[in-house]
Amino acid sequence: MTDETDLIVVGGGPAGVEAALAASERGLSVRLVDEAPQAGGQVYRAPPRAFGAKSQQKADRLGVALRDRLCASTVQTHFDHIVWSVSPGYRIDALGPNGAVSWRARAVIAATGAQERVVPFPGWTLPGVTGLAGATIMLKSQGMLPGGLTLVAGQGPLLLAVAMGILKAGGKLAAVVDLASQAEWLADWPAIASRPDLAWRGLSWQMALRRAGVPMLYRHAIREAEAKGDQLLVTLGPVDAGGAPIAGPEREFLVDAVTVGNGLTAATDITRLLRAGHRFEALRGGWVPERDEDFRTTLSGLYVAGDGAGIAGAAAAAIDGRLAALAVAHDLGRLSDETYQRLTMPLRRKARKAKRFGTAMAKLMALRPAQVAAIAAGTIVCRCEDVTRGEICAAVREGARGVNQVKAWTRCGMGPCQGRICGDIIGQLVTGTGNARVEAGYFTGRTPFRPLPLDELAPPIAYGDLQLPPPAPL
Amino acid sequence: MSADFDIAIIGAGAMGATTALHLARGGMRVALIDRGEICREASGVNAGTLTLHMTRAALIPYAMKGRELWLTAEQWLGRDVGARSAPGFSLAFTEAEEEMLVKRAAARSAMGAPIRLISPAEACAIDPGINPAIRAAAFCALDGHVTAYLTGRAYRQALTAAGVTMVEKIPVSAIEQQGSGYLIHGTCGTRLSAKRIVLAGGVWLESMLAMLGLRAAVKCLINQLVITERMRPVMRSVVGIANGLLSLKQFENGSVLIGGGWQGRGDPIRGGVEPIPDNLIGNIRLARHAIPALGETRVVRIWLGLESETADAMPMIGPLPGMEGAYVIGCVHSGYTSAPYMGQLLAELILGGEPEMPLFDPARLIENTASSVRTVA
Chain A
1 MTDETDLIVV GGGPAGVEAA LAASERGLSV RLVDEAPQAG GQVYRAPPRA
51 FGAKSQQKAD RLGVALRDRL CASTVQTHFD HIVWSVSPGY RIDALGPNGA
101 VSWRARAVIA ATGAQERVVP FPGWTLPGVT GLAGATIMLK SQGMLPGGLT
151 LVAGQGPLLL AVAMGILKAG GKLAAVVDLA SQAEWLADWP AIASRPDLAW
201 RGLSWQMALR RAGVPMLYRH AIREAEAKGD QLLVTLGPVD AGGAPIAGPE
251 REFLVDAVTV GNGLTAATDI TRLLRAGHRF EALRGGWVPE RDEDFRTTLS
301 GLYVAGDGAG IAGAAAAAID GRLAALAVAH DLGRLSDETY QRLTMPLRRK
351 ARKAKRFGTA MAKLMALRPA QVAAIAAGTI VCRCEDVTRG EICAAVREGA
401 RGVNQVKAWT RCGMGPCQGR ICGDIIGQLV TGTGNARVEA GYFTGRTPFR
451 PLPLDELAPP IAYGDLQLPP PAPL
Chain B
1 MSADFDIAII GAGAMGATTA LHLARGGMRV ALIDRGEICR EASGVNAGTL
51 TLHMTRAALI PYAMKGRELW LTAEQWLGRD VGARSAPGFS LAFTEAEEEM
101 LVKRAAARSA MGAPIRLISP AEACAIDPGI NPAIRAAAFC ALDGHVTAYL
151 TGRAYRQALT AAGVTMVEKI PVSAIEQQGS GYLIHGTCGT RLSAKRIVLA
201 GGVWLESMLA MLGLRAAVKC LINQLVITER MRPVMRSVVG IANGLLSLKQ
251 FENGSVLIGG GWQGRGDPIR GGVEPIPDNL IGNIRLARHA IPALGETRVV
301 RIWLGLESET ADAMPMIGPL PGMEGAYVIG CVHSGYTSAP YMGQLLAELI
351 LGGEPEMPLF DPARLIENTA SSVRTVA
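Line order of the protein sequences matches chains A and B. For the first sequence, the UniProt record's numbering gives the first residue as 1, with consecutive numbering after it. For the second sequence, the UniProt record's numbering gives the first residue as 1, with consecutive numbering after it.
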């Protein structure tokens, strides 16, 4: 099945949905594809329909409103569809409940959002340890706690969000451990206060955590986690501003679960696959697609929006999605220069404001190189293939100069996650031994974007129906 | 002026790297130059199949030597590249395929490949993973596979130990004849001089030859490869099909590699950029038909590798016509298998010896447009 629309938007978070809506409002034919069962992305992730309960939370209300607007629009939606390939031209291949499908479109907006980064420590691969974003998915989509007594650690706004989510869901917290100091949060206060609603929410969360008697440790990080029966013994210690461990009292917590995260990186699978230009921006989540202010990538017909274009948060993503859609409408000749300017001007102003808050958050989430430099040689960095820091550094010593050569020599990044989790850390480790981060490069984009059940991709057919190319020479 | 090096090899794939290694061990001062990192193109991303079932009949004796060298890499290269001996099959599912299988097996065994036809029951007894619906099978005990992505690591260590100067991530932009030697210009103003040169650029050979005013058509094949997640042991042989459009093997780590030369899109300038989804699905369907248990696993990664081919699909190995001290090596069908042997042969020639087996005279393919060669006084 192949039929063409003006635009396909990949990703149904705030950027993708707003992009699809804005494009359809301009009369474009639009498809929106997402692997989740409903629109909303990570931030407005919907609970399963069967749960039914009405939530009073603001994020949930916004998510419902977003989904209602999408339903009322002309956008053709394809949820429960895993996009596994995007080919120039453009052709999108997806795997849905009814098997493999493909669509064509004149333009594509990649609104693929962000993925989680965890700076490895001994024990981060143990059962019971989850990512902050992973814990968010459990809490939001299934109302499920990461475990009994939980320790929340890492950096950035997700720390408080997850800690609060656990408390509200009736869970118990052992401690909240922040890599940043309180002074760092305060330094960004003017930018944070540019969104009084979110600033207020953050403050009220902090107060709620204190009222609940949850220890809050700043400038601390997990040294290691060790399995003790069904529990985890977590050792914490102080760190410096760069994230490196420093001398000082260590503390131990015996907990049932740990959720830990060190910010987000941009999900650039599509732009990397298609060999669009990328640039390294530490404060936007590492390697991000090169784009102009209207979200055009270096490839004609390919646009990006939202955190996938560089981490900036949900509010900025929604506006960026609209801007990208207007750029598509303009480039397809469906919007005059004049109308385009008129429509984009107010959006740009809003975008700048939203970006201020997003940038403050991105700063708190940025990777701290000294923390990476301090990873012990025996610690697993690539958890799919069990590749340690020592093995990665040995490859670099033997002459591997880029992350792709390190991947070939050690198998790091070759597993089911395809380096999405460890890629940024590996880039930093390769850099740490002398190469510039830019020279170390990024993992070449490969299909499929997600592991594909072979049975669904290629259901058995009669041998005679196989179309074989001409034979190889004898 | 004395040259920086006795010889410069342009192209650090398995062909160029093997040539460089033997020349350095033979006492030459060697530079090995590559536009990227060592063995990151065809030599690092190919399916690593050691199979005589897919080798062109005329190249069988070379492939058998090459296979032996991969299996003994630890001895001459200093490091195992995951080379394992395994039985190999070529299967036929239809009457037409059976006919082709019989013909091809005969042509290859005439060239010395120990290939014999066996019954479907016998094939399934050797490898119970094979679909019992086969009509016929050709068997070869001398097959196997290499973990191709480890190639560069092994070679780099050996080359460094042999004293080869590695020049990576420097694309060559021009080659000038200078006196009796050559001046090689790289990007960023790098230059190095060598008394002799070897072009070992795979699919980039056509543009390299053009730098010397030589014209030869080099076709670029864009081969798609598919790797699965690790899975339970489902096969113990290297499996192909009569028409050569399938190569299948399971590595020790449990992942299964599906290849067979199904084409994607790309070119030497951009590389292999674009899988063709319908070709992928076709390739995977064929693989699944051969080894039904593959339906249990997931596809984890798909990539593309570039393979070079001359007008007559036979190699181009030997001295360049009309040029003093200039050589070419490449365009070998199933070239990875025989690369360590081909490189050894060319090195024997350059070091003044008589190669153990005949080379493949490039002159038959090359047209000299020498007027465009710049000569520096």
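All residues carry an ideal CB built from backbone N, CA and C; glycine is no exception.
By the neighbour-count criterion, in which a residue is buried when 16 or more other Cβ atoms sit within 10 angstroms of its Cβ, Ser255/B is buried. For Cys140/B, the three-state secondary structure derived from DSSP is strand.
The alpha carbon of Met207/A has as its nearest neighbour, out of Ala227/A, Leu167/A and Thr235/A, the alpha carbon of Leu167/A. Residues of chain B whose Cβ lies closer than 8 Å to the Cβ of Trp409/A are, in chain order, Tyr149, Leu150, Gly152 and Arg153. For the C-beta of Pro340/B, not a single chain A residue is nearer than 9 Å; the gap to the nearest is close to 18 Å. Within its own chain, the residues whose Cβ lies closer than 7 Å to the Cβ of Thr410/A, once the five positions on either side in sequence are excluded, are Val387, Glu391, Ile392 and Ala395, listed in chain order. Interface residue (Cβ-Cβ distance to chain B less than 8 Å): Ile461/A is classified as such. Look at the beta carbons and you see the stretch 141 to 158 of chain B touching the stretch 234 to 254 of chain B: at least three pairs across the two are nearer than 8 Å.
Judged by DSSP in its simplified three-state form, Gln405/A adopts helix.
Under the three-state reduction of DSSP output, Ser204/A falls in the helix class. In this structure, the CA atom of Arg446/A is about 24 Å from the CA atom of Asn98/A. Rounded to whole angstroms, the separation of the alpha carbons of Ala161/A and Tyr149/B is 42 Å. Note: Cys382/A is bridge-paired with Val387/A in the DSSP secondary-structure output. Spanning the alpha carbons of Gln177/B and Ala161/B requires a straight line of approximately 30 Å. Ala257/A is a Cβ neighbour of Gly148/A, given a cutoff of 8 Å.
At a cut-off of 8 Å, the C-beta of Thr297/B has a neighbouring C-beta in chain A. Counted as a single uninterrupted DSSP element, the alpha helix (DSSP H) harbouring Lys140/A occupies residues Leu132 to Gln142.
Restricted to the stretch 405 to 455 of chain A, the alpha helix (DSSP H) segments that are unbroken, complete and at least 4 residues in length are 423 to 432 and 437 to 440, listed in chain order. Contacts with chain A (Cβ-Cβ distance below 9 Å) from the stretch 96 to 117 of chain B involve Met100, Lys103, Arg104, Ala107 and Arg108, listed in chain order. Nearest neighbour of Pro292/B by Cα position, chosen from Pro459/A, Pro289/A and Gly113/A, turns out to be Pro459/A. DSSP places Cys188/B in the helix class (H, G or I) of the three-state scheme. Taking 8 Å as the CB threshold, Asn98/A stays off the interface with chain B. Comparing alpha-carbon positions, the option among Thr72/B, Asn131/B, Lys65/B and Gly16/B lying closest to Gly240/B turns out to be Asn131/B. Taking 7 Å as the upper bound on Cβ-Cβ separation, chain A lies near residues Asn243, Gly244 and Leu245 of the stretch 235 to 256 of chain B. Where Pro245/A is concerned, there is no enclosing alpha helix (DSSP H), because DSSP gives it neither an H nor an E. In the three-state scheme derived from DSSP, where H, G and I count as helix and E and B as strand, Tyr218/A is classed as coil. Judged by DSSP secondary structure, Phe89/B falls within the beta strand (DSSP E) whose first and last residues are Arg84 to Ala92. Apart from sequence neighbours up to five positions away, the residues of its chain that approach Ala400/A with a beta-carbon distance below 6 Å are Val406 and Trp409, ordered along the chain. The beta-bridge partner set that DSSP reports for Asn262/A consists of Gln155/A.
Residue-level contact check: Glu35/A does not touch chain B, since none of the beta carbons of chain B fall below 8 Å from its beta carbon.
Considering only beta carbons, the part of the stretch 272 to 301 of chain B lying closer than 7 Å to chain A consists of Val273, Glu274, Pro275, Pro277, Ile281, Gly282, Ile284, Arg285, Leu286, Arg288, His289, Leu294, Gly295, Thr297, Arg298, Val299, Val300 and Arg301, in chain order.
Looking at Ala354/A, Glu456/A, Ala174/A and Asp307/A, the one whose alpha-carbon comes closest to that of Trp84/A is Glu456/A. Around the beta carbon of Gly464/A, fewer than 16 other beta carbons sit within 10 angstroms, so the residue counts as exposed.
Beta-carbon to beta-carbon, Met316/B and Leu365/B are separated by about 6 Å, close enough to satisfy the 8 Å threshold. Annotated three-state conformation of Asp188/A is coil, per DSSP.
When secondary structure is reduced to three states using DSSP, Arg232/B falls in the coil class, being assigned neither helix nor strand.
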